[in-house]
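Student: Numbering-wise (this note's numbering), the sequence shown opens with residue 29 and increments by one.
For every residue, glycine included, the Cβ atom is placed at its ideal position computed from N, Cα and C.
The structure follows.
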Amino acid sequence: MTDIDGATILITGANGGLGAEFVTQALARGARRVYAAARTPREWGDARVVPLSLDVTDRDAIAQAADAAPDVDIVINNAGILRRGDLLTGDLADIEAMWETNTLGPLLVARAFAPRLVAASGALVNIGSVLSWYAAGKGYSMSKAALWSQTEGLRLELAPQGVHVMGVYLAYTDTPMNAGMDPAGMNTPADVVAQVYDGLVAGAGELLADDTTRAVRSRLSQVG
Ligand SMILES: NC(=O)c1ccc[n+]([C@@H]2O[C@H](COP(=O)([O-])OP(=O)(O)OC[C@H]3O[C@@H](n4cnc5c(N)ncnc54)[C@H](OP(=O)(O)O)[C@@H]3O)[C@@H](O)[C@H]2O)c1
């Protein structure tokens, strides 16, 4: 169980569709401080928000962010990219970029902030995807499947030290990641983020944000 009220929260990819909603709802729920970490930090118009420069593929930047945010209670590994293309014929640079951003980046962030999270009995949230369990996303699915495994592995290491680890899985959500697609039937960022914070408060280890994700998760042996 992790309180949002009074907490200090660091959000990666804070300028994105879900990221900005994580910032806004953290403030609405009484967060003491929010580190809005982004490749291009911006002002938020609230004294509780501290903009931080953070590219999650840059190890030096991660170390600097950990130094600049020594009082974090909750880390939300939200930054992510989606590149389309087949595994066999797609651009390998795209697959590598998704691996570095969606898989390795969150691990580097977790390693940098783990000592503080242990000291604070805090929480780590990793934003996965329904495509963690459905391979149609090809290189993106590969990166998010590995993030799923990473989240479970980190839980094995961090939970005994008092850190709440939560994996979040969701299907299509109306953010810039899906620009140009019909938003009808998509999740809203507001709904997903509200569920994440409710899940943290309730002590959930895994959040399945919508019916599609729940259906895929429950039929893992039947999907390919
Ligand atoms: N939208 C969906 O349907 C959906 C579904 C399942 C899972 N997700 C996951 O949800 C998370 C948030 O995505 P979103 O939908 O909110 O997409 P989004 O609006 O595109 O936001 C993604 C954010 O990640 C940031 N980012 C990308 N590479 C980064 C890097 N190397 N270092 C730091 N930040 C970086 C982007 O920063 P810039 O602003 O600098 O580009 C952007 O602000 C992602 O992990 C995504 O995979 C989304």
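Go through its chain and collect everything with a Cβ distance to Leu198's Cβ below 7 angstroms, but skip five positions before and after it.
Tutor: Only Ser157, Val158, Asn215, Val220, Ala237, Asp238 and Thr241 meet the Cβ criterion.
Student: Within the present structure, is the beta-carbon of Lys166 separated from the nearest heavy atom of ligand 1 by less than 8 angstroms?
Tutor: Lys166 Cβ: outside cutoff for every heavy atom of ligand 1.
Student: Near Val51, what residues of its chain come up, given a Cβ to Cβ distance below 7 angstroms and the 5 sequence neighbours on each side ignored?
Tutor: Once the five neighbours on either side are set aside, the close Cβ partners of Val51 are Ile39, Ala42, Val62, Ala64, Trp72 and Val77.
Student: Less than 8 angstroms between the CB of Ile37 and some heavy atom of ligand 1, yes or no?
Tutor: No - ligand 1 has no heavy atom lying nearer than 8 angstroms to the Cβ of Ile37.
Student: Among the candidates Asp74, Leu152, Ile104 and Leu55, whose CA atom is the shortest distance from the CA of Arg66?
Tutor: Here the sequence assigns Ala to residue 66, which means Arg is not the residue at that position. Closest by alpha carbon: Ile104.
Student: So, at 6 angstroms on beta carbons, what are the nonlocal neighbours of Met29 in its own chain, with the 5 sequence-adjacent residues on each side left out?
Tutor: For Met29, where only same-chain residues beyond five positions count, the Cβ hits under 6 angstroms are Gly231.
Student: Taking the beta carbon of Gly150 as the centre, do at least 16 other beta carbons fall within 10 Å, making it buried, or is it exposed?
Tutor: Buried: at least 16 other Cβ atoms inside 10 Å.
Student: Taking 8 angstroms as the cut-off, is the CB of Asn67 close to at least one heavy atom of ligand 1?
Tutor: One point to set straight first is that residue 67 is Arg, not Asn, in the sequence displayed. Arg67: yes, Cβ under 8 angstroms from ligand 1.
Student: Flag Met214 as yes when its Cβ comes closer than 8 angstroms to any non-hydrogen atom of ligand 1, and as no otherwise.
Tutor: Met214: yes, Cβ under 8 angstroms from ligand 1.
Student: Kindly indicate the opening and closing residues of the beta strand (DSSP E) around Tyr197.
Tutor: Its beta strand (DSSP E) spans residues His192 to Tyr197.
Student: With a cut-off of 8 angstroms, do at least 3 Cβ pairs link the segment 202-211 to the segment 167-181?
Tutor: Not touching, per the Cβ criterion.
Student: Output yes or no for whether 9 angstroms exceeds the beta carbon distance between Val191 and Leu145.
Tutor: Yes; because the gap between Cβ atoms is below 9 angstroms, this pair is in contact.
Student: Using the Cβ count rule (16 or more neighbours within 10 Å means buried), how would you classify Arg70?
Tutor: Exposed, by the Cβ-count rule.
Student: Can you list, in chain order, the residues of its chain with a C-beta nearer than 7 angstroms to that of Ala187? Leave out the 5 residues immediately preceding and following it.
Tutor: Once the five neighbours on either side are set aside, the close Cβ partners of Ala187 are Val193.
Student: Would you decide whether Ser246 is buried or exposed? Buried here means 16 or more other CB atoms lie within 10 Å of its CB.
Tutor: That one is exposed.
Student: Are the Cβ atoms of Leu110 and Gly165 separated by less than 9 angstroms?
Tutor: It is a contact, given that the beta carbons lie within the stated cut-off.
Student: Going along the chain, which residues of its own chain have a beta-carbon closer than 8 angstroms to the beta-carbon of Thr203, five neighbours each way excluded?
Tutor: So the qualifying residues of the chain are Gly44, Gly45, Leu46 and Pro217.
Student: Quick one: using the 10 Å Cβ neighbour count with 16 as the cut-off for buried, is Pro143 buried or exposed?
Tutor: With fewer than 16 other Cβ atoms within 10 Å, it is exposed.
Student: Starting from Thr36, trace the beta strand (DSSP E) both ways and give me its first and last residue.
Tutor: First-last of the beta strand (DSSP E) with Thr36: Thr36 to Ile39.
Student: If we ignore side chains and look at the alpha-carbon of each, how far apart do Ile179 and Ala121 end up?
Tutor: Correcting the residue identity first, residue 179 is Thr in this sequence and not Ile. When rounded, the distance between both Cα atoms is 25 angstroms.
Student: Have a look at Ala91 and Pro134 and give me their C-alpha separation to the nearest angstrom.
Tutor: Distance between the alpha carbons of Ala91 and Pro134: 13 angstroms.
Student: Only counting the same chain, and skipping five residues up and downstream in sequence, which positions put a Cβ closer than 6 angstroms to that of Ala89?
Tutor: So the qualifying residues of the chain are Leu82 and Asp83.
Student: For Glu49, count neighbouring Cβ atoms within 10 angstroms of its own Cβ and tell me buried if that reaches 16, exposed if not.
Tutor: Looking at its Cβ environment, which holds 16 or more other Cβ atoms inside 10 Å, Glu49 is buried.
Student: With distances taken from CA atoms, which of Asp114, Tyr162, Ala59 and Pro79 is nearest Ala243?
Tutor: It is Tyr162 whose Cα lies nearest to the Cα of Ala243.
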